[in-house]
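What follows is a short report on a single structure.
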Amino acid sequence: MNILFNKPPITGNEEKYTLQALKSQKLSGDGPFGQKCQAWFEKHLPCKKALLTPSGTAALELAALLIDIQPSDEVIMPSYTFASTANAFVLRGAQIVFVDIRPDTMNIDEQLIEAAITDKTRAIVAVHYAGVACEMDTIMEVANRYQLFVIEDAAQGMMSYYKGQALGTIGHMGAFSFHETKNYTSGGEGGLLIVNDEQFKERAEIIREKGTNRSQFFRGMVDKYQWVDVGSSYLLSELQAAFLWGQLERADEINTNRLASWRAYYSALQPLQAVGKVKLPTIPAACTHNAHMFYLKVAGLYERNVLLEHFKVKDILAVFHYVPLHTAAAGKRFGRFQGEDRYTTMESERLIRLPMWYGLPKDDQAYVISAIEEFYV
Ligand SMILES: *Cc1c(COP(=O)(O)O)cnc(C)c1O
Numbered sequence: 001m002n003i004l005f006n007k008p009p010i011t012g013n014e015e016k017y018t019l020q021a022l023k024s025q026k027l028s029g030d031g032p033f034g035q036k037c038q039a040w041f042e043k044h045l046p047c048k049k050a051l052l053t054p055s056g057t058a059a060l061e062l063a064a065l066l067i068d069i070q071p072s073d074e075v076i077m078p079s080y081t082f083a084s085t086a087n088a089f090v091l092r093g094a095q096i097v098f099v100d101i102r103p104d105t106m107n108i109d110e111q112l113i114e115a116a117i118t119d120k121t122r123a124i125v126a127v128h129y130a131g132v133a134c135e136m137d138t139i140m141e142v143a144n145r146y147q148l149f150v151i152e153d154a155a156q157g158m159m160s161y162y163k164g165q166a167l168g169t170i171g172h173m174g175a176f177s178f179h180e181t182k183n184y185t186s187g188g189e190g191g192l193l194i195v196n197d198e199q200f201k202e203r204a205e206i207i208r209e210k211g212t213n214r215s216q217f218f219r220g221m222v223d224k225y226q227w228v229d230v231g232s233s234y235l236l237s238e239l240q241a242a243f244l245w246g247q248l249e250r251a252d253e254i255n256t257n258r259l260a261s262w263r264a265y266y267s268a269l270q271p272l273q274a275v276g277k278v279k280l281p282t283i284p285a286a287c288t289h290n291a292h293m294f295y296l297k298v299a300g301l302y303e304r305n306v307l308l309e310h311f312k313v314k315d316i317l318a319v320f321h322y323v324p325l326h327t328a329a330a331g332k333r334f335g336r337f338q339g340e341d342r343y344t345t346m347e348s349e350r351l352i353r354l355p356m357w358y359g360l361p362k363d364d365q366a367y368v369i370s371a372i373e374e375f376y377v
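So the sequence shown is numbered by UniProt numbering: it starts at 1 and just counts up by one.
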């Protein structure tokens, strides 16, 4: 048996819609499929504006441009995240201030944010790791008190909720990814920016359209379009939007299937957690998650390497995750860690992600579970 770590979700209609887009001869962004997807998001992630982007990274860059990050501004985020979370702001000259995570969710420790705020702080980035929400009430309260922007990096958080609110709709803006490793994909690469604050609605369209008011022109609001602001090219191709539409139609089915796999892992591995061999993910009561990831934590780095070796022998592709950004070469150059690294490094070294994808066969999953049980007998 050879068990893949990830398989891009394909539900069946992607091919039909992509072909339909191809034949329509409307291939650039915001065509009929793009508009359908955006309308779907505006309904399911209640927001002021939903804009498809070429990637989650591009959505984060657009957010950084919208809040006008300037050189030497500081942005607070966890160190346990993907490089793009930081890069989007580093591209604008920001200094990154890394804060420790909570060991239970691997999310930023909301209690440590206030101590990291200086008079240069402009924004907090809440990364919802594994599609499990950060403690948003506390984060929004601190942000409001200091007048900071909150950008949700919800790249992994489509179809997840915090106290009934969809992730990405709580902060000033939310960024999602449709990379092939995420729960929904627009054909390999793609993303979405959710704008929740009215003040960014109009400018988001302009920056995304190369700094022009082209979107207003198409709506008949202006009689010619021209260069009005800074901007870049952040639209998603219509072919990719068509692909994504095939998945949005089946969004619940994908989610239900992933959650079933997640629960099967959890209940099978629970006995190993009960005897203290492994630690399984914690889902706080305020969160409804989307089964983006199933990870387990082992004793430490050494045990992780031995277990990964065991998986390799068994032809199971399981992988660890982020090297904390503050320990990486660029992280040292562009950021600093505020306070003590109590959990970030230690917890990241204990973590292994198990195969998890839409349609993961029960037999494959049983094989992975028995490989883990065999390791711990
Ligand atoms: C995937 C991911 C991104 C980047 O998304 P892309 O679509 O690959 O650019 C950013 N942040 C987090 C937390 C991610 O998981």
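The beta-carbon is built from N, C-alpha and C at its ideal position, and this holds for glycine as well. Nothing here was measured: the structure is a model prediction, and the numbers come from that model.
Given 6 Å as the limit, tell me if VAL90 has its C-beta closer than that to any heavy atom belonging to ligand 1.
no
Find out if the Cβ-Cβ distance for the pair ALA268, ILE369 is shorter than 7 Å.
yes
How about TRP245 and LYS36: are their beta carbons less than 7 Å apart?
yes
Spatial distance of ASP223 from ARG208 (CA atoms)
20 Å
Looking at LYS297 and ARG258, is the spacing between their C-beta atoms short of 7 Å?
no
Can you give me the Cβ contacts of LEU148 inside the same chain, cut-off strictly under 7 Å, excluding the 5 residues immediately before and after it?
THR121, ARG122, ALA123 and ILE124
Just to confirm before moving on: does the CB-CB distance between SER79 and THR344 stay below 7 Å?
yes
Using three-state DSSP, classify GLN156 as helix, strand or coil.
coil
My parser needs the alpha helix (DSSP H) runs of 4 or more residues fully inside the region 105-143; what are they?
113-116
What residue from ARG214, ALA154 and ASN255 has the CA that sits closest to ALA63's CA?
ALA154
Are the region 106-117 and the region 85-93 touching, with three or more C-beta to C-beta distances below 8 Å?
no
Nearest-angstrom beta carbon gap, GLU152 and HIS128 [assumed within contact, 8 Å]
7 Å
Strictly by DSSP, which residues pair up with THR288?
TYR161
Just to confirm my understanding: we take VAL323, look at its own chain, exclude 5 residues before and 5 after, and list those with CB closer than 8 Å. What are they?
SER348
By the DSSP assignment, the beta strand (DSSP E) with GLU74 in it spans what residues?
74-78
Using a Cβ-Cβ cut-off of 7 Å, state whether GLY220 counts as contacting chain D.
Protein chains in the displayed structure number just one, and chain D is not present.
Straight-line CA distance for LEU4 to PHE217?
47 Å
Give every residue of the same chain whose Cβ lies closer than 7 Å to the Cβ of ALA204, excluding the five residues on either side of it in the sequence, and list them in chain order.
LYS49, LEU51, LEU62, LEU66, LEU193 and VAL195
Top-ranked residue by Cα proximity to ALA251, from ASN2, THR11 and MET1:
THR11
Quick one: what's MET346 bridged to in DSSP?
In DSSP, MET346 forms no bridge with anything.
Roughly how far, in whole angstroms, is the beta-carbon of PRO9 from the beta-carbon of ILE254, given that I think they are within contact range, below 8 Å?
6 Å
For GLU189, which residues from the same chain have a beta carbon less than 8 Å from its beta carbon, with the 5 sequence-adjacent residues on both sides left out?
PRO54, SER55, PHE178, HIS179, GLU180 and GLN240
Per DSSP, the bridge partner or partners of GLY335
ILE96
Looking at the unbroken beta strand (DSSP E) that takes in ILE194, where does it start and where does it end?
191-195
Give the DSSP-derived three-state secondary structure of LYS36 in the structure shown.
helix
Measure the Cβ-Cβ separation of GLY131 and GLN156 and say whether it is below 7 Å.
yes
Using DSSP's beta-bridge definition, name the partner residues of TYR225.
In the DSSP output, where bridge partners are listed per residue, TYR225 has none listed.
Top-ranked residue by Cα proximity to GLU373, from PRO361, HIS310 and TYR358
HIS310
Give the C-beta separation of THR105 and PRO284 to the nearest angstrom, bearing in mind that I take them to be a contact with Cβ-Cβ under 8 Å.
7 Å
Span of the alpha helix (DSSP H), counted from its first residue to its last, around LYS16
14-24
Please check the pair ILE101 and MET140, which I expect to be a contact at CB under 8 Å, by giving their CB distance rounded to whole angstroms.
Not confirmed; about 19 Å, so no contact.
Within 6 Å: the Cβ of ALA155 and any heavy atom of ligand 1?
yes
Within the continuous beta strand (DSSP E) that includes LYS297, where are the two ends?
295-297
Can you tell which of TYR184, ILE206 and CYS287 has its C-alpha closest to the C-alpha of GLY359?
TYR184
My output table needs one value for ARG102: the three-state DSSP class, helix, strand or coil.
coil
Please check the pair ALA286 and THR18, which I expect to be a contact at CB under 8 Å, by giving their CB distance rounded to whole angstroms.
Actually they do not touch by this definition, with Cβ atoms about 38 Å apart.
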